[in-house]
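Q:
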Amino acid sequence: MTRIFQIGLLTEAFLNISGSLVFLRYPLWCLSYMLPQSTTGKTTTVPASAAVLWQIYAGLVLALTVPILMVVPESRAVYEKRDLVFKTLTAGEVALVGILGWHGLGFSEEQEGGFSRAGLLTTASLLLPALTWHSFAVWLRPDLMRPESSTKSVLDQKKGL
Numbered sequence: 000m001t002r003i004f005q006i007g008l009l010t011e012a013f014l015n016i017s018g019s020l021v022f023l024r025y026p027l028w029c030l031s032y033m034l035p036q037s038t039t040g041k042t043t044t045v046p047a048s049a050a051v052l053w054q055i056y057a058g059l060v061l062a063l064t065v066p067i068l069m070v071v072p073e074s075r076a077v078y079e080k081r082d083l084v085f086k087t088l089t090a091g092e093v094a095l096v097g098i099l100g101w102h103g104l105g106f107s108e109e110q111e112g113g114f115s116r117a118g119l120l121t122t123a124s125l126l127l128p129a130l131t132w133h134s135f136a137v138w139l140r141p142d143l144m145r146p147e148s149s150t151k152s153v154l155d156q157k158k159g160l
């Protein structure tokens with residue numbers, strides 16, 4: 000099972016890195032999908048400040064990818080490290096989905112912040128697979144994060160061997 004988990008970690012890291020590089024290089028293009036259409040049917044212009052914040056977000060995603068890559072190989076206390084990494088990512092994803100959903104569903108007394116409702120909700124929904132994966136591994140199947148040898152010894156103890 001650990002091999003499957005390691006493949007999942009590498010896949011997540013690959014997606015994070017590729018997405019972040021696009022976010023860093025083309026922030027205006029990425030954000031153009033989040034802006035509402037004007038009355039003339041044209042998309043409004045992306046503010047430069049939003050583009051910079053988008054690039055900062057990309058930098059944070061890249062920074063959070065480093066711990067993911069560090070827990071791919073088996074090592075001493077790797078279970079505890081993976082558990083900490085996944086709980087940290089889950090907390091961030093819960094916060095982001097909550098904030099995006101709050102504004103996207105119109106619960107905020109403020110305006111949407113210049114983003115379309117569909118853009119906010121789509122962005123929140125794109126975080127749900129990662130949130131589901133991290134939550135599943137931490138709370139439903141933590142054995143996936145254990146090294147192969149550790150999983151076998153736990154199973155042997157349960158069998159009484």
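In numbering that gives the first Met the number 0, the protein residues as written are 0 to 160.
Even glycine gets a Cβ: it sits at the ideal position worked out from N, Cα and C.
Could you check if residue 11 is buried or exposed, using at least 16 other CB atoms within 10 Å of its CB as the buried criterion?
A: Translated into the one-based positions of the sequence shown, residue 11 becomes position 12. Residue 11 comes out buried.
Q: Using a Cβ-Cβ cutoff of less than 6 Å, which residues in the same chain neighbour residue 147 once the five nearest sequence positions on both sides are dropped?
A: Position 148 of the sequence shown holds residue 147. Closer than 6 Å at Cβ, skipping near neighbours: 1.
Q: For the segment 26-39 against the segment 111-121, do three or more pairs of beta-carbon atoms, one drawn from each stretch, fall closer than 8 Å, so that the two count as touching?
A: yes
Q: Excluding five sequence neighbours on each side, which residues of the same chain lie with their C-beta closer than 6 Å to the C-beta of residue 99?
A: In the sequence shown, counting from the first residue as 1, residue 99 sits at position 100. Taken in chain order, the residues that qualify are 119, 122, 123.
Q: If you count every other CB in all the chains shown that lies within 10 Å of the CB of residue 136, and 16 or more means buried, which is it?
A: By 1-based counting over the sequence shown, the position of residue 136 is 137. With 16 or more Cβ atoms within 10 Å of its Cβ, residue 136 is classed as buried.
Q: At what residue ranges does the segment 98-144 contain a whole run of the alpha helix (DSSP H), taking only runs of 4 or more?
A: 116-134
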